[in-house]
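Each remark here refers to the structure printed beneath this line.
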Amino acid sequence: MILTFSVFPSLKVSDTVVELYNATLSVHHLVENADECMVFDNEALHNICFRTLKLTSPSFIDLNHLIFAIMSGVTCCLRFPGQLNSDLRNLAVNLIPFLRLHFFMVGFAPLTSRGSQQYSTLSVPKLT
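Now the structure itself:
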């Protein structure tokens, strides 16, 4: 089973001219060769960073942080034991109604910016 995470370009966040051509030409291969495709829209990611996370000028680091958090959540069932969706085949059986309809728009909550997360440094003496 092949799971892909694909970012579709937008004109608002584009930095190269050929992004749209690459995305258009790759869709055929994703339909034919991938079993599950998690799709991200670059413009939607930019809007989330700007409107929800209140970042004045989101960078690719901020967009990648959102994608990283979602990828970590989606693959959590593969890394840790559990009853539901323990492998990619079970995930596909539960989510894909027809073989060629294997493109998913993912969601994630809660949305927090990288700087707003509170943390504390723990040392060995504090833990023991």
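Using the UniProt record's numbering, the first residue of the sequence shown is number 1, and each one after it goes up by one.
The C-beta atom is built at its ideal place from N, Cα and C for all residues, glycine as well.
Can you check which of these residues, 103, 127, 122, is closest to residue 34 by C-alpha distance?
One-based indexing of the sequence shown puts residue 34 at position 34. Of the listed residues, the one whose Cα sits closest to residue 34 is 103.
What are the start and end residues of the alpha helix (DSSP H) that includes residue 62?
The residue given as residue 62 occupies position 62 in the sequence shown. From DSSP, the alpha helix (DSSP H) with residue 62 extends over 60-74.
Does DSSP classify residue 31 as helix, strand or coil?
Translated into positions along the sequence shown, residue 31 becomes position 31. In this structure, residue 31 counts as helix in the three-state DSSP scheme.
Own chain, CB closer than 6 Å to residue 66, minus 5 neighbours either side, in chain order
As a first step, residue 66 must be located in the sequence shown, where it is residue number 66. Only 45 meet the Cβ criterion.
Please state if the CB of residue 40 and the CB of residue 72 are separated by a distance shorter than 8 Å.
As a first step, residue 72 is located in the sequence shown; it is residue number 72 there, counting from the start. As a first step, residue 40 is located in the sequence shown; it is residue number 40 there, counting from the start. No, Cβ-Cβ distance for residue 72 and residue 40 is not below 8 Å.
Between residue 18 and residue 4, what straight-line distance do the alpha-carbon atoms span, to the nearest angstrom?
Sequence index remark: in the sequence shown, residue 18 carries index 18 (1-based). Sequence index remark: in the sequence shown, residue 4 carries index 4 (1-based). Going by the C-alpha atoms only, they are around 21 Å apart.
Does the Cβ of residue 81 have 16 or more other Cβ atoms within 10 Å, making it buried, or fewer, making it exposed?
Residue numbering aside, residue 81 sits at position 81 when the sequence shown is read from its first letter. Exposed.
In its own chain, which residues sit with a C-beta less than 7 Å from the C-beta of residue 70, not counting the 5 before and 5 after it?
As a working mapping, residue 70 is identified with position 70 in the sequence shown. 106, 108.
Which residues share a DSSP beta bridge with residue 41?
For this step, residue 41 is matched to residue 41 along the sequence shown. Partner(s): 8.
I think residue 99 touches residue 87, with their Cβ atoms under 8 Å apart; what is that distance to the nearest whole Å?
For the purposes of this step, residue 99 is taken as residue 99 along the sequence shown, with counting starting at 1. For the purposes of this step, residue 87 is taken as residue 87 along the sequence shown, with counting starting at 1. In fact, because the Cβ distance is near 18 Å, the residues do not count as touching under 8 Å.
Just the Cα atoms here: how many angstroms apart are residue 2 and residue 97?
For this step, residue 2 is matched to residue 2 along the sequence shown. For this step, residue 97 is matched to residue 97 along the sequence shown. Going from the Cα of residue 2 to the Cα of residue 97 covers about 17 Å.
Going by DSSP, which residues form a beta bridge with residue 98?
On the sequence shown, residue 98 is found 98 positions in, with the first residue counted as 1. Per DSSP, residue 98 has no beta bridge partner at all.
Would you tell me roughly how many angstroms separate the C-alpha atoms of residue 36 and residue 29, rounded to the nearest one?
Looking up residue 36 in the sequence shown gives position 36. Looking up residue 29 in the sequence shown gives position 29. Near 12 Å, if we compare the C-alpha coordinates of residue 29 and residue 36.
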